[in-house]
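What follows is a set of notes on a single structure, which appears directly below.
Number of protein chains: 2
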Amino acid sequence: MGSVSHTDNGPPPAVTTTARGRAADTSRGEQTRQAIVASAVRLFGEVGYEKTTMRAIAADAGVSVGNAYYYFPAKEALVSEFYLDLQREHLARVEPVLASGASFGDRLAAILREGIAVWSPHHAFAGRFIGIAAVPGSPVSPFSDESAEARALATSIFQRLVDTTEVKMDPQLRARLPQLLWLAQLGLVVYWVHDGTPGQRRTRKVVELAVPYLEYLVGASRLKIFKPLTTRGLTLLDTLWPAG
Amino acid sequence: MGSVSHTDNGPPPAVTTTARGRAADTSRGEQTRQAIVASAVRLFGEVGYEKTTMRAIAADAGVSVGNAYYYFPAKEALVSEFYLDLQREHLARVEPVLASGASFGDRLAAILREGIAVWSPHHAFAGRFIGIAAVPGSPVSPFSDESAEARALATSIFQRLVDTTEVKMDPQLRARLPQLLWLAQLGLVVYWVHDGTPGQRRTRKVVELAVPYLEYLVGASRLKIFKPLTTRGLTLLDTLWPAG
DNA sequence: ACAGCAAGTTGAACACGTTCAAGTGGAGTG
DNA sequence: CACTCCACTTGAACGTGTTCAACTTGCTGT
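Which chain is which? The protein sequence lines are A and B, in order.
Last residue of the first sequence: 246 (our numbering), numbering continuous.
Last residue of the second sequence: 246 (our numbering), numbering continuous.
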């Protein structure tokens, strides 16, 4: 409190801050920001989260420690940049999968497999990352406002998958399925992080088993006998996670 | 490395270290240990995890900072003592519930409600706690070796619940149900931690809705039409979490 | 008694994340 | 050109968790 030189400290407004990303900005500040992000992402990937010190990031980016804190409120905030990087790659890999005319199950499995493939090199790091993501207030939490965009992006993948599938299912389930699949993916990630088998082999096995099971369940939802199961499940989901 | 005075630093062997707990030990070391735990647990509960410094814990316990580290490898390790405290209370509250002749659903709901009640005063703290518990290597992780005893204790509650219920169900499901319920409880805790509604009202609502649903599902498992659903689900579970 | 020894204890020191008062520089204005 | 202003930058300093070499204490065997 009581800074004289500028009344409000926080991320700079810059030239053109579009709703998503900050593509068109070549100002000095943005260049510095990018340099810090680049160093942080590289070092996180190379030596892990803990061993990467803020001093090392700053030195690598050619700036002072304090300067890094001008752009990012905490070391944790830099993690979300790392996260975004990987999510962008996942999205790129998933695009051709969605476009392919493969079945619901095959495409779902492919989406999950690509996600694992993208994260695979950072399995150890992810262990620390999940610890940060799990705490409610954290901006990296999958439920946080800050993650709203990333969350929407992820669900949109499943939305497109559901919209372009020929599988018959309960219409109410169809409306909620993208979110359910996102939740399932979240669970898979948690499982993957804790998977100590070499190459996370077991997680891959789980995908191969769980996807056909899900496909079976989804298809079963339109049968009369499964109606109460479906309806009550959706009611529960609506309490758990209202709105749509 | 190269301490002269003692060859091995780590928790002291003490007089009688029983497999579970360390009940019968009144040696000097154990008294110090207890004092540190008492101070830590109290301070964690009063001012939260972050705001409780190791210096404060040591001062409150009347020992030096270094001495606290003689008994506990890290601040995180003290959290598990706090956790154990609450779990013991949960167990005590659950005992009469199990003994009551109430239905499967009513007793399950009561068990979950008591768990929430025990943790309720520490909702804010739990947010930080889950961040520690979520990281794979952590001794506080519900999947860690260190938590094996606590895990066994928790599943034993559900084991007793399942063993004393009159509800008819698939026998293979019955064998796995205690572990499934433990998993469900884990999920509930994660949900509760992220529940920002006043008094975690929504989590309580979820319990009221989810328990009858579970009861319905369990009962349905013995029907022929649900066999493939049950069997495939159990196969998946066996991949996810082998052994019994 | 007394030496020997290990459990127990100490507090200074270290590295880290984070903060902040004090600068610097370059674009806009007269 | 000089002046002002503010986005940007700096590095020392703070509080934290953690480590460690040195010290103290009480027991055990002789």
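Where is the CB? At the ideal position from N, CA and C, for every residue including glycine.
Please read all numbers here as calculations on a predicted model, not as lab measurements.
To which residues of the same chain is Ala58 of chain B closer than 7 Å at the C-beta, ignoring the five residues directly before and after it? Translated into positions along the second sequence, residue 58 of chain B becomes position 56. The residues are Leu45.
Whose Cβ in chain B lies nearer than 9 Å to the Cβ of Pro141 of chain A? For this step, residue 141 of chain A is matched to residue 139 along the first sequence. Within 9 Å Cβ-Cβ: nothing; Pro141 of chain A doesn't reach chain B, min ~13 Å.
When the distance is taken between beta carbons, is Tyr218 of chain A closer than 8 Å to Val208 of chain A? Sequence index remark: in the first sequence, residue 208 of chain A carries index 206 (1-based). Sequence index remark: in the first sequence, residue 218 of chain A carries index 216 (1-based). For Val208 of chain A and Tyr218 of chain A, no; Cβs fall outside 8 Å.
Do Val220 of chain B and Leu163 of chain B have their beta-carbon atoms positioned less than 8 Å apart in this structure? Working through the second sequence from its first residue, we reach residue 163 of chain B at position 161. Working through the second sequence from its first residue, we reach residue 220 of chain B at position 218. No; because the gap between Cβ atoms is not below 8 Å, this pair is not in contact.
Start and end residues, alpha helix (DSSP H) containing Ile113 of chain A: Here the question's residue 113 of chain A lines up with position 111 in the first sequence. Where Ile113 of chain A is concerned, the enclosing alpha helix (DSSP H) starts and stops at Phe106 to Trp121.
In angstroms with no decimal places, state the Cα-to-Cα distance between Thr54 of chain A and Gly107 of chain B. Along the first sequence, one-based indexing puts residue 54 of chain A at 52. Along the second sequence, one-based indexing puts residue 107 of chain B at 105. So the two alpha carbons sit approximately 49 Å from each other.
Three-state secondary structure (DSSP) of Phe160 of chain B: Here residue 160 of chain B is taken as the residue at index 158 of the second sequence, counted from 1. If DSSP states are grouped into helix, strand and coil, Phe160 of chain B belongs with the helices.
Comparing the C-beta of Ala136 of chain A with each C-beta of chain B, is any distance below 8 Å? Stepping through the first sequence from its first residue, residue 136 of chain A is reached at position 134. Chain B has a Cβ within less than 8 Å of the Cβ of Ala136 of chain A.
Just the C-alpha distance for Glu210 of chain B and Asp62 of chain A, rounded to the nearest angstrom, thanks. Locating residue 210 of chain B in the second sequence gives position 208, counting from the first residue. Locating residue 62 of chain A in the first sequence gives position 60, counting from the first residue. Whole-angstrom Cα-Cα distance: 54 Å.
Round the Cβ separation of Val65 of chain B and Met56 of chain B to the nearest angstrom and send it over; I've been treating them as touching at under 8 Å. Along the second sequence, one-based indexing puts residue 65 of chain B at 63. Along the second sequence, one-based indexing puts residue 56 of chain B at 54. Not really, about 11 Å apart at Cβ, beyond 8 Å.
Listed in chain order, which residues of the region 218-244 of chain B have Cβ atoms closer than 8 Å to some Cβ of chain A? Residues Tyr218, Leu219, Ala222, Ile227, Pro230, Leu231, Arg234, Gly235, Thr237, Leu238, Thr241 and Leu242.
Can the beta-carbon of Ala132 of chain A be found less than 8 Å from the beta-carbon of Val195 of chain A? Locating residue 132 of chain A in the first sequence gives position 130, counting from the first residue. Locating residue 195 of chain A in the first sequence gives position 193, counting from the first residue. The amino acid at residue 132 of chain A is misidentified as Ala; the sequence shows Ile. Yes, these two residues count as a Cβ contact at 8 Å.
Taking buried to mean at least 16 other C-beta atoms within 10 Å of its own C-beta, is Glu116 of chain A buried or exposed? Here residue 116 of chain A refers to the residue found at position 114 of the first sequence. Classification for Glu116 of chain A: buried.
In chain B, which residues lie with their C-beta within 7 Å of the C-beta of Gly250 of chain A? In the structure displayed, chain A extends from 3 to 246; residue 250 of chain A sits before or after that span and is not available.
First through last residue of the alpha helix (DSSP H) which encompasses Phe84 of chain A: As a working note, residue 84 of chain A is residue 82 in the first sequence. Annotation: the continuous alpha helix (DSSP H) that includes Phe84 of chain A extends over Lys77 to Ala101.
Does the distance from the C-beta atom of Phe160 of chain A to that of Trp121 of chain A stay below 8 Å? Sequence index remark: in the first sequence, residue 160 of chain A carries index 158 (1-based). Sequence index remark: in the first sequence, residue 121 of chain A carries index 119 (1-based). Their beta carbons are not under 8 Å apart, which means Phe160 of chain A does not touch Trp121 of chain A by this criterion.
Neighbouring residues, chain A, relative to His196 of chain B (Cβ below 7 Å): Residue 196 of chain B sits at position 194 when you count from the first residue of the second sequence. The contacting residues are Pro138 and Phe145.
Asp165 of chain B: beta carbon under 7 Å from a heavy atom of the ligand COA? Among the components of this structure there are no ligands whatsoever, and the ligand COA is therefore not found.
Hey, Leu110 of chain B and Val213 of chain B: beta-carbon distance below 8 Å or not? Position 108 of the second sequence, counting from 1, holds the residue named residue 110 of chain B. Position 211 of the second sequence, counting from 1, holds the residue named residue 213 of chain B. Yes, the Cβ-Cβ distance between Leu110 of chain B and Val213 of chain B is below 8 Å.
Pull up the CB-CB distance for Thr232 of chain B and Leu175 of chain B, whole angstroms please, since I reckon it's below 8 Å. For this step, residue 232 of chain B is matched to residue 230 along the second sequence. For this step, residue 175 of chain B is matched to residue 173 along the second sequence. Rounded, the Cβ-Cβ distance is 6 Å, consistent with contact.
I think Gly47 of chain B touches His124 of chain B, with their Cβ atoms under 8 Å apart; what is that distance to the nearest whole Å? On the second sequence, residue 47 of chain B is found 45 positions in, with the first residue counted as 1. On the second sequence, residue 124 of chain B is found 122 positions in, with the first residue counted as 1. Right, their Cβ atoms sit about 6 Å apart.
Between the Cα of Ser41 of chain A and those of A:Phe84, A:Met171 and A:Leu114, spot the shortest distance and give me the residue it belongs to. Position 39 of the first sequence, counted from the first residue, corresponds to residue 41 of chain A. For Ser41 of chain A, the nearest C-alpha among the options comes from A:Phe84.
Less than 8 Å between the beta carbons of Ala60 of chain A and Asn69 of chain A, yes or no? For the purposes of this step, residue 60 of chain A is identified with residue 58 of the first sequence, where counting begins at 1. For the purposes of this step, residue 69 of chain A is identified with residue 67 of the first sequence, where counting begins at 1. Yes. Within cutoff.
Would a check of beta-carbon distances place Tyr72 of chain A closer than 8 Å to chain B? For the purposes of this step, residue 72 of chain A is identified with residue 70 of the first sequence, where counting begins at 1. No, its Cβ sits nowhere closer than 8 Å to a Cβ of chain B.
Would Ser82 of chain A and Pro144 of chain A be called neighbours here (beta carbons separated by less than 8 Å)? Counted from its first residue, the first sequence places residue 82 of chain A at position 80. Counted from its first residue, the first sequence places residue 144 of chain A at position 142. In this structure, Ser82 of chain A keeps its C-beta atom at 8 Å or more from the C-beta atom of Pro144 of chain A.
Give the secondary structure of Lys229 of chain A by DSSP, where H, G and I count as helix, E and B as strand, and everything else as coil. Within the first sequence, residue 229 of chain A is the residue found at index 227, counting from 1. In this structure, Lys229 of chain A counts as helix in the three-state DSSP scheme.
Short CB-CB distance (under 8 Å) between Tyr85 of chain A and chain B: As a working note, residue 85 of chain A is residue 83 in the first sequence. No - not a single Cβ of chain B is within 8 Å of the one on Tyr85 of chain A.
Using the three-state DSSP reduction, which class does Gly235 of chain B fall into: helix, strand or coil? For this step, residue 235 of chain B is matched to residue 233 along the second sequence. Three-state result, Gly235 of chain B: helix.
Test item: CB-CB of Ser223 of chain A and Met171 of chain A under 8 Å: Numbered from 1 along the first sequence, position 221 holds the residue referred to as residue 223 of chain A. Numbered from 1 along the first sequence, position 169 holds the residue referred to as residue 171 of chain A. Closer than 8 Å, so yes.
Proximal chain A residues relative to Val81 of chain B, where beta-carbon distance stays under 8 Å: Taking the second sequence and counting its residues from 1, one reaches residue 81 of chain B at position 79. Per Cβ cutoff of 8 Å: no residues; Val81 of chain B is ~13 Å from chain A at best.
Distance CB(Arg130 of chain A)-CB(Glu78 of chain A) smaller than 8 Å: Sequence index remark: in the first sequence, residue 130 of chain A carries index 128 (1-based). Sequence index remark: in the first sequence, residue 78 of chain A carries index 76 (1-based). Annotated as distal: Arg130 of chain A and Glu78 of chain A, with beta-carbon spacing of 8 Å or more.
What in chain A is Cβ-close to Lys77 of chain B, meaning under 8 Å? If you number the second sequence from 1, residue 77 of chain B lands on position 75. Under the 8 Å cutoff, chain A gives no residues; its nearest Cβ is about 14 Å from Lys77 of chain B.
Length of the line joining the Cα atoms of Glu97 of chain B and Gln89 of chain B: The count along the second sequence starts at 1 and reaches residue 97 of chain B at position 95. The count along the second sequence starts at 1 and reaches residue 89 of chain B at position 87. Going from the Cα of Glu97 of chain B to the Cα of Gln89 of chain B covers about 12 Å.
Assuming Ile118 of chain A and Gln202 of chain A form a contact by the criterion Cβ under 8 Å, report the distance between their Cβ atoms to the nearest whole angstrom. The residue given as residue 118 of chain A occupies position 116 in the first sequence. The residue given as residue 202 of chain A occupies position 200 in the first sequence. About 7 Å separates the two Cβ atoms, so the contact holds.
For my contact list, Gly198 of chain B and Phe127 of chain B are in at a C-beta cut-off of 8 Å; report their separation, rounded to the angstrom. The count along the second sequence starts at 1 and reaches residue 198 of chain B at position 196. The count along the second sequence starts at 1 and reaches residue 127 of chain B at position 125. Contact flag wrong, Cβ pair sits at about 15 Å.
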